[in-house]
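> Numbering of the sequence shown is given in this note's numbering, commencing with residue 36 and proceeding in unit increments. Backbone N, C-alpha and C define an ideal beta-carbon position, used for all residues, glycine too. Quick one: the structure is below, questions incoming.
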Amino acid sequence: MANKPLDTRLLDRAIVFAVKAHSGTERRGKGFPYIVHPMEAMEIVATITSDQELLAAAALHDTVEDTSVTIEDLRREFGDRVAEIVASESDVFMDGVSEEDSWHDRKKAAIDRLKNAPYDAKVVALGDKLSNMRAIARDYAVVGDELWNIFHAKDPKDHEWHYRSLADSLSELAGTPAYQEFEKLINQVFTK
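As structure tokens, then:
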């Protein structure tokens with residue numbers, strides 16, 4: 036009996052959509068195309084599930100937060116489930132408040148949202164957060180505390196609080212290699 040080919044049509048469309056949405060943008064301070072990050076997040080999610088909607092949500096996770104794409108655009112193109120997962124992953128910006136001044140409140144709201152999020156949203160969030168933590172660990176090994184200057188929050192204690200709180204919110208995934216790597220990198224960067 037032959038294996039049925041994997042239906043990747045939704046994921047394929049999501050990848051193309053994300054590439055177009057992030058076209059011409061650079062990952063902050065990295066010198067490489069932004070799309071590398073969502074693709075890494077998607078790869079991490081693929082270590083946990085083959086669910087095409089979750090993989091699509093991982094590929095699309097920053098489109099609403101960082102481009103002109105809206106949740107309704109995603110809902111139209113990819114359905115309710117993908118749109119809702121991306122919405123749960125998107126920072127809510129505050130009118131009239133700078134990203135620096137709103138950083139702590141936005142991160143706290145995201146942590147709280149994630150703590151109560153469904154399992155599927157946590158899987159996608161872990162892909163995103165582990166990708167971010169990998170980049171932080173790589174850069175920290177090279178430049179040390181100078182790294183924090185590229186962020187809206189400059190104090191490493193803020194980042195430690197953020198990532199340890201995220202790990203707590205994502206602890207439902209503690210049995211996965213991705214979560215274990217996430218915790219290891221947090222301890223590597225933030226343990227003096």
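Are the CB atoms of residue 148 and residue 123 nearer to each other than 8 Å?
Going by C-beta atoms, residue 148 is nearer than 8 Å to residue 123.
> Would you report the Cα separation of residue 103 and residue 226, rounded to the nearest angstrom?
One C-alpha to the other measures close to 38 Å.
> How big is the Cα-Cα spacing for residue 167 and residue 38?
35 Å
> For a test of the three-state rule: what should DSSP assign to residue 68, helix, strand or coil?
strand
> Suppose the cutoff is 8 Å on Cβ atoms and the five residues either side in sequence are ignored; what does the same chain contact list for residue 135 look like?
187, 188
> For the alpha helix (DSSP H) containing residue 182, name the first residue and the last one.
Run containing residue 182: none; DSSP gives neither H nor E here.
> If you draw a straight line from the alpha carbon of residue 44 to that of residue 80, how long is it in whole angstroms?
17 Å
> Looking only at its own chain, which residues have a Cβ that is under 6 Å from the Cβ of residue 125, when we skip the five neighbours before and after it?
99, 100
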